[in-house]
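Note sheet for the following structure.
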Amino acid sequence: MTSTTTLSLEDCVKADAVDPLREFRREFAIPEGVLYFDGNSLGARPIAAQECAARVIGDEWGNGLVRSWNEAGWFDLPVRLGDKLAPLLGAGEGEVVVTDSTSINLFKALASALSIAAAQDPSRKVIVSERDNFPTDLYIAEGIISLLDQGYELRLIDQPGDLTEAVGPDTAVVMLSHVNYRTGNLYAMTEVTAAVQERGALMIWDLAHSAGAVTVDLSGADADFAVGCTYKYLNGGPGSPAFIWVNRRHQNTGIQPLSGWWGHARPFAMESAYEPGAGIRRFLSGTQPITSLSLVECGLDVALKADMADIRSKSLALADLFIDLVEERCAAYGLELITPRKHERRGSHVSFVHPEGYSIMKALIARGVIGDYREPGVLRFGITPLYLGYADVWNAVDVLRDILENKSWDRPEFRERDAVT
Ligand SMILES: Cc1ncc(COP(=O)(O)O)c(C=O)c1O
Ligand SMILES: Nc1ccccc1C(=O)C[C@H](N)C(=O)O
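Sequential numbering of the sequence shown, starting at -4, is according to my numbering.
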């Protein structure tokens, strides 16, 4: 699609007809009348998930009972799924486990990274991150700082461009979201990792908004740790277990403070003292939610059938189209784009600020265009190339234009705040 001329719905229908990913939509259950632009919060359900849930609950749990830990491969599932996910992260076998939540994995990664940094140079006491990072990342860092009580401090940058200046001889670890949850800013992983490591610090990436959405090359960047979730672009289901990647050079060196029995060298020896297992298994803590974990495989199987390069180029094209259409058709209504336009700086969602953003998003949702709202004033639209097309983007912007033109967002029911936005 060209991105400058006046765009019609017909152009979009034509683009959909030649889209190499068009068949993937059939793999997802999306209700009639819904235009789903929130796969960056909760991915759509793979059709296969229902059958998988029936198998896990009916056969594996119902018939297999406790035997399924061995016979259905439950015990090895975090590692097996980690190996399956690895190619989407540019990672190798034995480097990823699917387990716990992103917050918990970040706790493990940050604690481990700090222990490694302290062994190299105990005078490094600063953790660098950004003020605009997803709040849980900053809260987890605060928690570790107070738990360790060794004089660590958090240094927050206000702009991506301020990063290199903020990382110095006092820095132990840099912890950033690869794609920013609000703006969609994308860091250059390889360059940033190199700059951080040159300054003697370790690099942790949060890939919550990257995995399955943008091309990621953890091995190529030679990062230190990474975490992320499976419920967004990997379509694992609400609250599905997250992942942690640990560079092989760190797997057997740092402290993993959530030293539960699943990370023990011999879990079923039932020894009274903890002895960490070798390799990535050390980053497991305790028993996993097997039903939820099993469903992660359905999303992975779909994602692995697609070419990540096709996903990325369609994501950029759909987002370009979204931005162009909003600028062309909604110019009079005060939406301000806060997502970088440059492809190399943009993840897979598009965000606009508007003083009435909350009410506008609720009005959109009432019309079946589902995005979400983030403070302050941000309307956020996730771009998921496996189940969104060009005509969907056109139709969504058409509804947005109509809501803005008719001020139909201006109703008391659209002002009422829900617990989850
Ligand atoms: C960058 C980022 N990190 C972490 C999280 C959340 O982590 P958790 O799944 O532990 O709630 C999110 C979204 O919820 C996120 O966008
Ligand atoms: N886990 C959730 C539970 C409920 C509602 C939203 C979320 C999200 O994932 C939000 C997302 N991380 C965000 O970037 O805003």
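Glycine is no exception: its CB is placed at the ideal position from the N, C-alpha and C atoms.
In its chain, beyond the 5 residues on either side, 324, 325 have a beta carbon closer than 7 Å to the beta carbon of residue 396. When DSSP reads this structure, residue 197 sits in a beta bridge with 168.
Short note on residue 129: C-beta closer than 8 Å to some heavy atom of ligand 1.
In this structure, DSSP gives residue 25 a state outside helix and strand, which the three-state scheme calls coil.
Here residue 168 has 105, 108, 109, 112, 122, 196, 197, 199 as same chain residues with Cβ atoms under 7 Å from its own Cβ, once five neighbours each way along the sequence are excluded.
Just so you know, the alpha carbons of residue 163 and residue 194 end up roughly 6 Å apart.
At least one heavy atom of ligand 1 lies less than 8 Å from the C-beta of residue 201. By the 16-neighbour rule on beta-carbons within 10 angstroms, residue 269 is exposed. The straight-line gap separating the alpha-carbon atoms of residue 185 and residue 402 is approximately 45 Å.
A straight line joining the alpha-carbon of residue 114 with that of residue 307 spans about 39 Å. Of the candidates 344, 117, 55, 344 places its Cα closest to the Cα of residue 207.
Listed in chain order, the non-local C-beta contacts of residue 253 below 6 Å within the same chain comprise 103, 280, local neighbours out to five positions each way being set aside.
Within the DSSP secondary-structure output, residue 233 pairs in no beta bridge.
For residue 152, the enclosing beta strand (DSSP E) has its first and last residue at 148 to 152. Positions of the beta strand (DSSP E) runs, each at least 3 residues long and wholly inside the stretch 221 to 301, are given as 238 to 241 in order along the chain. It is roughly 12 Å from the alpha-carbon of residue 213 to the alpha-carbon of residue 189.
Excluding sequence positions up to five before and after residue 88, its CB lies within less than 8 Å of the CB of 78, 81, all in the same chain and listed in chain order. Remark: the C-beta of residue 101 is in contact range of ligand 1, defined as less than 8 Å to any heavy atom. Looking at the DSSP output, residue 390 bridges to nothing.
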